[in-house]
Each structure stands twice: as C-alpha cells, then as structure tokens.
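Asker: Take this structure first; my questions come after.
In the numbering used here, the protein residues as written are 4 to 930.
Below is the structure:
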C-alpha cells in the first residue's frame, strides 16, 4: 500500500502526471515516466519540498492547528404597513460564521498523556495524604484508648477505695455497736448486784447511771453503723450508675464508628463511580474525536474531510421554541403544595368580643369546626354569634392553638407617657374656675381683673360659653375659666369644675343662694376642688353678706370666721372693692396646694370648647395640663386628630409653644371634638389616625347599641301608653358646649303628651344636609348663634321648613315650649247650663212621650246635648227632640218656667227624673 505509481498519485492529488513527474525531479527524485513506482518516503520528501517552496517548514506545518471557517449569509424581506398599497419592505440580512479547529494526533496524544500523568500524580498525592491521615487517626485512636484505659483504671481504683472505706467504716461501726452492747450488759448486771449504789445514783438528777451511759453509747454506735451502711449503699449505687453510663457511651461510640465507616465507604464508592464516569466520558470524547478525524469509508488514501455530528444534516434548520415552551408549561402544571407533616399551631389574638366566623378565620379552620367545638363544650352557637373573650380562649385552646387575649384599647397604649419622658416637675399657675348663679356678676368680676369688657358683647347680658383666660397679676399668673350660670349649662359647669384647682363661687350679696349656686357647690365637691366664696355686689345698699353666709352654711360651706375652712371675700365687680383681697386668697391657696406639672414631654390637656369657623375651620379651646404643646405637634383629641397648624391666646396673639395651665386655641384638627375630650400628643400621624379611627368605631358601635335599646324602649312605651306626639328638632350652634346645653335643655322639656327628639346636632352654620334632614324627619331647624347658607335657604324655601334663629337660650326654650303646646290635642270640658225636673209624662200621638218639666236651674237650650238622671245616676245621654212652651216651639226655657221636653230616641222617662243640659267648652291645653 506504501508503493504506488506516479499517475495514480497524480489522479489522487488532482494534477497531471507530467506535472507531478516534473515536481518529483525538482525534489531530487529520479522519475522518468508516469508508470514508475514511488515509495512512502519519496512521497514525504516531495511534500517537504513543496512546503518549503511555499514558505512553510516541516515543523510549523506539523505543529500549527488546522482550521476551517464556514460562513453563511441569508437575506429576507419584511413588509411594513400591512398588505395595503404603498407598503414599505425592509431587507434583513443575517450573517453566521463558525470556525472548526483540527489539531494533530501527536499533539492530542501528548495532551492526553500529560493529563493522565497529572491525574496519576494527583491520585498518588491524594493516596499519600489519605495514608498519612489514616496513620494520624490510628495514632490518635491509640492514644485515646490508652488515656481511656488509664482513666478507667484510676476510676476503678477510686471506686474500689471508696467501697473499701465504706465497708471499713461499716465494720468499725458494727464493732463499736457490739462493744457498746457488751458494756450495757455489764452495766446492767453491775447495777442489779449493787442496788444501794443504784438508789443513790437515782437521787442525783444530773448524773446518768452506767447502764444509761452504755445505752446511749450503744445508740450512737448504732447510728454510726446505719450511716456507714447507707454510705456504702449510696457508693455502690453511684458505681453502678457510672458503669451503666459508661456502657451506654461505649455503645454509642461503636454506633458512631459504624456510621463513620459506612459514610467513608459510601464516599469511596461515589469517588470510584466518579472516576469511572470520567474515564467513560474521556473514552467517548476520544472516540468522537477519532470519528471526526476519520475519512470516508473506502478511502484508501486517507483523504481528510469535514463531518457534522450524528443526527445532523448538512443544512441548518430553523430553531423551534416549542420544546422549551412545552417543558415550561409542563413545569408550571406541577403544583407546589405539599401536605404538612405536623399540625400547624397558630397564635390567635382574641379581643374582648369576637364572632364565630372571625375566630375560625384567625385559626385557619372552617366555621363548622368551631361550632362543633362549641357544641362539645355545651354551647349552641351559629356562625354569626358573638363570643366573649373567655369562651373564645377556651375554644382556641381546645382546638390546639395558642390564645393571646388582647384588650380593645391596646392601640391607645401608644399614647401612654412614662415618667422618664415627662421630666422634672415645676411650679405651675393655678387654674381658677368662676362659678355661680346667672347674673350674679361672674364675668363682670373677671372683666375687672382682666381690665376688659366681655359682658357688653354677650347676648342678653349672660354668658353662654366657657371663657378661658390667662391673667398676669402682681401675684403671678392665674388661669381663669368663666362658666355660664344658666340652668341649661350644667355640663359646662361640670367640665369647668373637673379641670380646675380652685373654684371661685360668686354669690350676689343682694340675691343670696340660688339654684345654680347650689349646683356649682355640688360640682366643686364632686371634683374635690378648693372653694373660695366671692360675695359680689357689696356696693349695693341692700347687700347682706351675713345672709349669704347663713344660706351657704346650710349647704356645708362654712366660713373661716365661723370655724370652717372656706374663705369668704366681699368684693364689688363695679368698684373693684375687695378684688386685691380675692387675688391674695387665690395666691395663698395655690402656694399651700404646691401645684406642679412637668414642662418637658408630650402635651396633655382638656378641651374646654370647640367651634367651627367658616374661614379657619375647626377651632378648639384647650387647657394644657402637663407637658409642652408645640406648633406642628400631632395630637389626638377624642375622636379627632390632626397637626397643630396654629395656636392663639385669648388676645388672638399667635403662639409657638404652650406650657402647663395655659389655655390656647388650636387650628388643624380633622373635625370638631366634643367638649371635655382629652388632648394627647401622638408620636406620628399613622398612630394618631389609627387611634382616632378606633375611637370612632367604638363610638359608632355604642351609638348603634343605644339606638337599638331606645327603639325597644320606645316600642314598649308605645304599647303601654299608646301613640305620643313627638317634636323633631335639628340643632346647629356656634360651639359644641352650646349645642350640648340646648340639646339637653330641649330634652328636659319632654312630657308624657309631647316628647322632644333631637334628630341631628352639630357645630357650624346650617347647611343643605341639615335642611334635607329636617325635611325628611319633619323637624324644626334651630340655629343658635348661626345662620343658614345659600344652598340651605333654597331647600328651606322649597320645602317650606320652619327655621328659628336664637342667641339667648331663654327665648329658645320658650318658643319650643309653645310649639309643643300647639301639638297637644284640644281638651273639652262639659259645663252644666241647666237642670229640669220631670213632674209628669204625657203621651202624644204625634210626638210620643212628652215629659212635663220645671226648669230648676239655669236655662234649657234645644240645641245642646242632655243627660237623663235617675236617682242622680246617668241613665241616658243624647239630645232633645222637641222643646215646647205651651203649644209653641221654643229654643230655650229659663229657670222657674215649665216646659215640655221630648227626648230623642228614648221613651223611658219617668216622673222624678232629672234632665241635665250641658255644653262642651274647649280648654287651652298645657304641658
């Protein structure tokens, strides 16, 4: 196969035989004709010659990689703008390039040999390291065994010594007990021989006989023996426990060794399997390389050609995404749920009340399971039933979960302030509330102190709001609260007394103690406030302070000069007499009380009054009681919250901060709070909103429960009393306190015949919603110091609503009382106007029975109703059919005159009966 003819080689290479002969001669090979034979060495010589001619040497040709680069270009067109006419087409050209490198067999063999050599070196190093590790492990194990053997030997010696000592002690104690028993026996024998000596020994109380001494020694020895026996038994038990623990430890150690050996064996198998896989992969790779390197079958001249991998055609096909998409779809169809292997225990928060469905949802179970558990506990429940906290906790624990009882007001705990946050206590100004009967001069007294004229601007000359002022006096600052004195403003006086330190009870010297004075005393006592009585109007000639003292003493307000503890200061708000003495009394009382409050920390206060201003929104008057309220603070006030946008004092001056005992007006709340609500500073807006929403929800639930109870009460009352007239009213006022006072005053006007029902109330002007509510409920609209807006006036005109505006509460109550009176049913009263006695009865064919009567009293009128009396008992009530005087019909017959009377539809009139004539008179109803 190595020798071949020149022409055959020329045919294989693809050139002419003559050209190949020339190349062979140029290479130094003597060939004359195409039929000559050439050997393999001559072919290699020719190849080297041709390579050198083309600028290549033998080494470079053998060592440089052979490579082939395939390039492919495809062009396609994409039409833009659809298939319509004038569409634009774009040519897209895709170019692909791939390079295949073919290395020589010598190079591959050298790389494989180097790889095998490297692997062999690594395996040898790993084997050496493993052998070294095994040797070190064997040494450690041998050392541990020796140490363990020595420790066990030492422990055995110590245990043996302990047992031996215990046995020795027990033996010694037993010998001592035997010796003591013998001594006792000898002593008894000696005592029996010498009774005289024993009798003398008995006479001595402090000495013991020899037998008693011996018996005592015997008891001590016996106790020692028992203790030694017990110590020996304890030592043996301890030894047995140690031995058992040692055996258990050895068994565990053997199991660990077995597990370690099994793990090592498994690891070795995995390594062998990995090596086998690596060798198989290498063999497969070499096989593939050899296959790629091989020529076509039947190619005797080893011509090298490029082959593609198995299963591939020469032309590339377009990639299809169906396989990957289907694999993803199949993967998505597999659900990720796995059944829990253990029961899931939830921590369930249980409020004070919770529904069955809500409880089931928190435990992640069906409501039927909860109902079943309740039935097992003896409680029949439905899915909508509400459970109390104790029952819910029992159900949760019964179902295997953890119950966590929570309080409803847990969200409000964020507003609690610790003592560390409040800071140091400092002296604060006293809060003084001025209380008393209406028109006794409370506001006039404050005007003199403040050098202002508030009274002149009040409607009707009476106070109808709580006024808050901070006054700078020569004795320091004092915060004053001026409360209304009218009977309808009880709640305002109550709030003023609750937030105050000192109550100034103003009593007119010429008027004495009045109902609101007594009420103010009761509020002050309920609030446990200090009372100072200011006897006002001392400038009047009819002033009588002794009468005031006497009347107040009847209500347990005893003056100091009568042995009591209440200061009485005579003053005159008109002339200023005694005002300085009153301020001295306030300052002295404040010093005695040692009033303090923390200035640092979050602010806390009480709402004195709240109103809705058209230009500024909600305006709230607050008395700060502790901490410092700053502009920009986030506060919670009852059911409202907000950021303090601005603060003003009583003079309208803007403030940035307000400390304790400072009354201020706030702007920026979300709504109008109720008077008396607490103001608390919140850490952030989220917390404030959560607390306000929680309070609103609780208030709504409470209101709904009250409405439900009221409906039931109203239904039962109607069943008992029948239908009762109701006067519906809608109240709007300038401040919350006035609305509250008007609502309570109107409700107190309710009677058994007419009830007043406040359909709606609020702060601010009358708007369209109020008018629509009044129209729907057929209510009277009442505006107290407020007016209706344009939209409301249109609705009022369309619906023909009754709107009443007031600025004085007296007038308001009078008008509503008249309206209630007008709703009463008319009342009729029977007035007897005449009485006739029946003397005889005559029969008339035309008129029937006619009673011949004598008018005894008054006058008998034909048109009036009558009653027939027999023995002063009414037997018939009806009307006259005829009234005749002799033969003439008459309309009336006066007293002392005889007449004939025909009773309509009644024929049983007898002599001696009386006919009573009366008329029905309408009487004006009253409440």
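Ideal Cβ positions, reconstructed from N, Cα and C, are used throughout, including at glycine.
No experiment lies behind these values; they were computed from the predicted model shown.
Have a look at the DSSP bridge pairing and note the partners of residue 72.
Answerer: Translated into positions along the chain shown, residue 72 becomes position 69. Residue 72 pairs with 102.
Asker: Between which two residues does the beta strand (DSSP E) harbouring residue 728 extend?
Answerer: As a position in the chain shown, residue 728 is number 725, starting the count at 1. Residue 728 -> beta strand (DSSP E) spans 728 to 736.
Asker: Strictly by DSSP, which residues pair up with residue 661?
Answerer: Position 658 of the chain shown, counted from the start, is the residue given in the question as residue 661. BP columns for residue 661 point to 632.
Asker: Is the stretch 220 to 229 touching the stretch 244 to 258 in the sense that three or more CB pairs, one from each, lie closer than 8 Å?
Answerer: With a cut-off of 8 Å, the stretch 220 to 229 and the stretch 244 to 258 do not count as touching, because too few Cβ pairs lie within range.
Asker: What are the partner residues of residue 909, as DSSP defines its beta bridges?
Answerer: As a working mapping, residue 909 is identified with position 906 in the chain shown. DSSP, once it has assigned bridges, lists no residue as partnering residue 909.
Asker: Apply the 10 Å Cβ neighbour rule to residue 387 and answer buried if 16 or more other Cβ atoms are within range, or exposed otherwise.
Answerer: To locate residue 387, count along the chain shown from 1; it is residue 384. Exposed, because fewer than 16 other Cβ atoms sit within 10 Å of the Cβ of residue 387.
Asker: Any idea what DSSP makes of residue 1, helix, strand or coil?
Answerer: Residue 1 lies beyond the residue range present for the chain, which begins at 4 and ends at 930; the question has no answer from this structure.
Asker: With 16 other CB atoms within 10 Å as the buried threshold, where does residue 540 fall?
Answerer: The residue you call residue 540 lines up with position 537 of the chain shown. That one is buried.
Asker: Is the separation between the beta-carbon of residue 859 and that of residue 900 shorter than 8 Å?
Answerer: To locate residue 859, count along the chain shown from 1; it is residue 856. To locate residue 900, count along the chain shown from 1; it is residue 897. Not in contact: residue 859 and residue 900 (Cβ atoms no closer than 8 Å).
Asker: Per the DSSP calculation, residue 686 is bridged to which residue(s)?
Answerer: On the chain shown, residue 686 is found 683 positions in, with the first residue counted as 1. According to DSSP, residue 686 bridges with nothing at all.
Asker: For residue 562 and residue 472, what's the separation of their Cα atoms in angstroms?
Answerer: For this step, residue 562 is matched to residue 559 along the chain shown. For this step, residue 472 is matched to residue 469 along the chain shown. Cα-Cα distance, rounded: 28 Å.
Asker: For residue 25, does the three-state DSSP call read helix, strand or coil?
Answerer: Your numbering for residue 25 matches position 22 in the chain shown. Residue 25 falls in the helix class under three-state DSSP.
Asker: Less than 7 Å between C-beta atoms, sequence neighbours within five positions excluded: which residues of the same chain meet that for residue 795?
Answerer: Your numbering for residue 795 matches position 792 in the chain shown. The answer, listed in chain order, is 769, 770, 771, 773, 774.
Asker: To which residues of the same chain is residue 179 closer than 6 Å at the C-beta, ignoring the five residues directly before and after it?
Answerer: Taking the chain shown and counting its residues from 1, the one referred to as residue 179 is at position 176. Excluding positions up to five away in sequence, the list reads 224.
Asker: In the DSSP assignment, find the beta strand (DSSP E) that holds residue 648 and state where it starts and stops.
Answerer: Walking along the chain shown from the start, residue 648 turns up at place 645. Residues 643 to 651.
Asker: Would you kindly work out how many angstroms separate the C-alpha atoms of residue 512 and residue 576, rounded to a whole number?
Answerer: Counting from one through the chain shown, the residue named residue 512 turns up at place 509. Counting from one through the chain shown, the residue named residue 576 turns up at place 573. Near 12 Å, if we compare the C-alpha coordinates of residue 576 and residue 512.
Asker: What three-state label does DSSP hand residue 166 in the structure shown?
Answerer: Translated into the one-based positions of the chain shown, residue 166 becomes position 163. Helix at residue 166.
Asker: Pull up the CB-CB distance for residue 588 and residue 572, whole angstroms please, since I reckon it's below 8 Å.
Answerer: One-based indexing of the chain shown puts residue 588 at position 585. One-based indexing of the chain shown puts residue 572 at position 569. Sure, about 6 Å apart at Cβ, within 8 Å.
Asker: Compare the Cα-Cα distances from residue 103 to each of 115, 125, 72 and report the closest residue.
Answerer: Start at 1 with the first residue of the chain shown, and residue 103 comes out as number 100. The shortest Cα separation from residue 103 among 115, 125, 72 belongs to 72.
Asker: Any contact of the stretch 547 to 558 with the stretch 594 to 612, i.e. 3+ C-beta pairs under 8 Å?
Answerer: No, because fewer than three Cβ pairs between the stretch 547 to 558 and the stretch 594 to 612 fall closer than 8 Å, the two stretches do not touch.
Asker: Taking residue 52 as part of the alpha helix (DSSP H), name the residues at either end of that continuous run.
Answerer: Counting from 1 along the chain shown, the entry for residue 52 is found at position 49. Note, residue 52: alpha helix (DSSP H), 43 to 56.
Asker: Consider the C-beta atom of residue 482 and the heavy atoms of the ligand MN; say whether any pair is separated by less than 7 Å.
Answerer: The ligand content of the structure shown is nil, which means the ligand MN is not present either.
Asker: Between which two residues does the beta strand (DSSP E) holding residue 570 run?
Answerer: The residue labelled residue 570 in the question sits at position 567 within the chain shown. From DSSP, the beta strand (DSSP E) with residue 570 extends over 570 to 573.
Asker: In its own chain, which residues sit with a C-beta less than 6 Å from the C-beta of residue 97, not counting the 5 before and 5 after it?
Answerer: Your numbering for residue 97 matches position 94 in the chain shown. Within the same chain, residue 97 has close Cβ partners 77.
Asker: Which residues does DSSP pair with residue 473 in a beta bridge?
Answerer: Translated into positions along the chain shown, residue 473 becomes position 470. 482.
Asker: At a cut of 8 Å, does the stretch 686 to 705 reach the stretch 643 to 656 through at least three beta carbon pairs?
Answerer: They touch, by the three-pair rule.
Asker: Please report the straight-line C-alpha distance between residue 808 and residue 787, rounded to a whole angstrom.
Answerer: One-based indexing of the chain shown puts residue 808 at position 805. One-based indexing of the chain shown puts residue 787 at position 784. C-alpha separation (whole angstroms): 6 Å.
Asker: Quick one: any contact between the stretch 827 to 843 and the stretch 909 to 920, if contact means 3 or more CB pairs under 8 Å?
Answerer: With the cut-off at 8 Å, the stretch 827 to 843 and the stretch 909 to 920 touch.
Asker: Where do the ends of the beta strand (DSSP E) carrying residue 561 lie?
Answerer: Sequence index remark: in the chain shown, residue 561 carries index 558 (1-based). First-last for residue 561: undefined, no H or E at that position.
Asker: Under three-state DSSP, which class holds residue 77?
Answerer: Taking the first residue of the chain shown as 1, we reach residue 77 at position 74. Three-state DSSP puts residue 77 in a strand.
Asker: Entirely within the stretch 789 to 860 and at least 3 residues each: give me those beta strand (DSSP E) ranges in chain order.
Answerer: If we require 3 residues or more, the beta strand (DSSP E) runs fully inside the stretch 789 to 860 come out as 806 to 809, 830 to 847.
Asker: Please classify residue 146 as buried or exposed, where buried requires at least 16 neighbouring CB atoms within 10 angstroms.
Answerer: If you number the chain shown from 1, residue 146 lands on position 143. It is exposed - the Cβ of residue 146 has fewer than 16 other Cβ atoms within 10 Å.
Asker: Go ahead and pull the three-state DSSP assignment for residue 864.
Answerer: Stepping through the chain shown from its first residue, residue 864 is reached at position 861. Correct three-state label for residue 864: strand.
Asker: In chain order, what residues of the same chain have a beta carbon less than 8 Å from the beta carbon of residue 405, not counting five sequence neighbours either side?
Answerer: Numbered from its first residue, the chain shown carries residue 405 at position 402. Cβ neighbours of residue 405 beyond the five flanking positions: 348, 349, 350, 351, 399.
Asker: To the nearest angstrom, report how far apart residue 137 and residue 368 are at their CA atoms.
Answerer: Sequence index remark: in the chain shown, residue 137 carries index 134 (1-based). Sequence index remark: in the chain shown, residue 368 carries index 365 (1-based). About 58 Å.
Asker: Of the choices 92, 480, 669, whose alpha-carbon is the least far from that of residue 593?
Answerer: In the chain shown, the residue the question calls residue 593 occupies position 590. With distances taken between Cα atoms, residue 593 lies closest to 480.
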